[in-house]
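Order-wise, the sequence lines are chains Y and D.
So for the first sequence, my numbering puts the first residue at 266; every next one is plus one.
So for the second sequence, my numbering puts the first residue at 266; every next one is plus one.
Here a beta-carbon is modelled for each residue, glycine too, at the ideal position from N, C-alpha and C.
2 protein chains.
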Amino acid sequence: MEKPLLQVALDNFTLSEALESTRVLAPELDVVEIGTLLCLATGAESIQVMRTLYPENIIVADLKIVDAGGELAGMACDNGANWVTVMCNAADATKAKAVEAAAKRGGEMQVELFGNWTFEQAVEWKNIGLKQVIYHQSRDALNSGGSWGPANMETVKKLTDMDFEVSVTGGLTLDVISLFEGIPIKSFIVGRNLRNVADPAAEARAYKAEIATYWP
Amino acid sequence: MEKPLLQVALDNFTLSEALESTRVLAPELDVVEIGTLLCLATGAESIQVMRTLYPENIIVADLKIVDAGGELAGMACDNGANWVTVMCNAADATKAKAVEAAAKRGGEMQVELFGNWTFEQAVEWKNIGLKQVIYHQSRDALNSGGSWGPANMETVKKLTDMDFEVSVTGGLTLDVISLFEGIPIKSFIVGRNLRNVADPAAEARAYKAEIATYWP
């Protein structure tokens, strides 16, 4: 089983705030994600800047595409994104065009699981050529008291059994990592719990060590 | 019955392309919408610029929010948006925070109807304080052969009967306007069919005339 990647989600309002985090975090982890908030606040410039500064990292543009799949995926990849997110409830035509536009530029799409979706639909995504999904706990839902538990793990496991590469996100903390033991997670996506700590680089190393413990 | 507004959707990759359209269109219509593509390509700057240039127009930021409702709605309204879009499949907590953040800044949220949703959920949106919905035909679905018909009108009518202010969008053409006769449409949202014509100002006047014919 491959070792899961560690990914920082940059949900900042400005590029300089995001760079304050990546300056110390990028060398310590694998994937730099330009969060939806940062994308919408700063546009393609953030993608360009992260691509330029961090040639060794995978760059994710969390566009959460719901329409105009070809145009948006193309724009993100043209600016340097490796992976781009598309919402599960986007039309199949949107997903297909996004997959095509990303692939043409050497990129990959990730389906973000939000709201209602079914495993029957997930089969369809595979047929469209989508290989990656992101299992997501809503920030606002977590703020309202939700947490990670066996039901989440079961769903994630079922998705990996379908041969999806599954990344997980939403209020992940260091002690949650071990709950995924035995599941081939693609990437652990951590936001404020990595960025808003006294020593983000040390925190990233702690996450990497925890991952190495459970995926030796 | 109030006369529906006319709204241009700016689905451009650059601010200058968008301005090429608004330079002639903004004085001829009511609402200037910064499309998701333009938001994601240029960030908050497009909102600021449109607010500055067109103080008489309603400015819409089509963010299609699915999470971080308070942060995103706040960001858009702080930069000058009057209306901001939130996806129907966002968590209720996300919608509620967006409504609160927008209202605090004198703005309003619009629920974008995409994928699966139910009228039972729509009742919940009203309880959350959402007054506006956008009935949307996906661009990619339309490209794949869909069109406007009686089933669409019935759904729109049902939403207006629930006292939602309903805007409609997705491949609207001049000859489709009359199909909505008798329904209190909030805003007709037109993109390329307004922008990519020989004389966009004349085209906007033609839409306004058509609206005036059926909502005298």
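Local conformation of residue i per DSSP, three classes
i: ALA274(D); result: strand
i: TRP390(D); result: helix
i: LEU487(Y); result: Residue 487(Y) is absent from the structure shown; chain Y starts at 266 and stops at 481.
i: THR383(Y); result: coil
i: SER452(Y); result: strand
i: VAL433(Y); result: strand
i: MET315(Y); result: helix
i: ILE289(Y); result: The amino acid occupying residue 289(Y) in the given sequence is Val; Ile does not appear at that position. Helix at VAL289(Y).
i: THR350(Y); result: strand
i: VAL297(D); result: strand
i: MET418(Y); result: helix
i: GLU377(Y); result: strand
i: VAL398(D); result: strand
Inter-residue spacing [alpha-carbon to alpha-carbon] between residue i and residue j
i: ARG370(Y); j: ASN458(D); result: 29 Å
i: LEU270(Y); j: VAL325(Y); result: 13 Å
i: ALA474(Y); j: THR383(Y); result: 34 Å
i: ALA306(Y); j: TYR319(D); result: 20 Å
i: LYS227(D); j: ASN322(D); result: Examination of residue 227(D) is not possible in this model, given that chain D is present from 266 through 481 alone.
i: TRP348(D); j: PHE429(D); result: 15 Å
i: SER412(Y); j: ASN381(Y); result: 18 Å
i: VAL273(Y); j: ILE454(Y); result: 6 Å
i: THR425(Y); j: TRP390(D); result: 34 Å
i: THR317(D); j: LYS423(Y); result: 51 Å
i: ALA341(D); j: GLY300(D); result: 13 Å
i: THR438(D); j: PRO415(Y); result: 50 Å
i: ASP295(D); j: LEU337(Y); result: 27 Å
i: MET418(D); j: GLU468(Y); result: 54 Å
i: GLN402(D); j: TYR472(Y); result: 43 Å
i: VAL388(D); j: GLU446(Y); result: 41 Å
i: GLY436(Y); j: THR478(D); result: 53 Å
i: GLY308(Y); j: ALA309(D); result: 8 Å
i: LEU284(Y); j: ALA291(Y); result: 9 Å
i: VAL434(Y); j: GLU282(Y); result: Here the sequence assigns Thr to residue 434(Y), which means Val is not the residue at that position. Roughly 21 Å between the two C-alpha positions.
i: ALA368(D); j: MET427(D); result: 21 Å
i: THR350(D); j: VAL462(Y); result: 33 Å
i: ILE330(D); j: ILE330(Y); result: 11 Å
Close beta carbons around residue i, own chain, < 8 Å, minus the five adjacent residues each side
i: LEU302(Y); result: ASP276, ASN277 and PHE278
i: CYS304(D); result: SER311, ILE312, ALA326, ASP327 and LEU328
i: ASP332(D); result: ALA355, ALA356 and THR359
i: THR420(Y); result: TYR400
i: ARG470(D); result: GLU293
i: GLN397(D); result: TRP348, GLU373, MET374, GLN375, VAL376, PHE429, GLU430, VAL431, SER432 and LYS451
i: GLN386(Y); result: CYS353
i: GLY501(D); result: Absent from the model: residue 501(D). The displayed extent of chain D is 266 to 481, so no value can be given.
i: GLN476(D); result: A small fix is needed here, since residue 476(D) is Ile in this sequence, not Gln. Result list for ILE476(D): LYS268, PRO269, LEU271, ILE442 and PHE453, in chain order.
Listed by chain order, chain D residues near residue i by CB distance under 9 Å
i: MET418(Y); result: Correct list: empty, because the minimum Cβ distance to chain D is about 21 Å.
i: LEU395(Y); result: The contacting residues do not exist; LEU395(Y) stays about 15 Å from chain D at best.
Proximal chain Y residues relative to residue i, where beta-carbon distance stays under 8 Å
i: ALA306(D); result: GLY308, ALA309 and MET340
Contact list for residue i against chain Y, beta-carbon separation under 9 Å
i: PHE278(D); result: ALA309, GLU336 and MET340
Neighbourhood of residue i by C-beta distance below 7 Å, restricted to the same chain and skipping five residues each side
i: MET266(D); result: PRO449 and TRP480
i: VAL289(Y); result: PRO465 and ALA466
i: ILE393(D); result: ASP357, LYS360, ALA361 and VAL364
i: SER286(Y); result: VAL273, LEU275, ARG460 and PRO465
i: VAL441(Y); result: TRP413
i: GLU298(Y); result: GLN272, VAL273, ALA274, LEU275, VAL325, ASP327 and ILE454
i: LEU280(Y); result: THR307, GLU310, SER311 and VAL314
i: LEU378(D); result: CYS353, VAL398, ILE399, TYR400 and HIS401
i: LEU444(D); result: TRP413 and MET418
i: LEU395(D); result: LYS360, VAL364, MET374 and VAL376
Interface partners of residue i on chain D, CB under 8 Å
i: LYS302(Y); result: Reading the sequence as shown, one finds Leu at residue 302(Y) and not Lys. Neighbours of LEU302(Y) on chain D, chain order: ALA333, GLU336, LEU337 and MET340.
Own chain partners of residue i with C-beta closer than 6 Å, once the 5 adjacent residues on each side are dropped
i: ASP343(D); result: none
i: ALA366(D); result: GLY335, ALA338 and GLY339
i: GLY456(D); result: ALA274 and ASP276
request  = Residues of the segment 310-340 of chain Y with a CB closer than 9 Å to any CB of chain D: list them in chain order, please.
outcome  = GLU310, SER311, ALA326, LEU328, LYS329, ILE330, VAL331, ASP332, ALA333, GLY334, GLY335, GLU336, LEU337 and MET340
ask   = Closer than 7 Å, Cβ to any Cβ of chain D: which residues of the segment 368-381 of chain Y, in chain order?
value = PHE379, GLY380 and ASN381
request  = Give the residues from the segment 345-371 of chain D that approach chain Y closer than 7 Å (Cβ to any Cβ), ordered along the chain.
outcome  = MET352, ASN354, ALA356, ALA358, THR359 and LYS362
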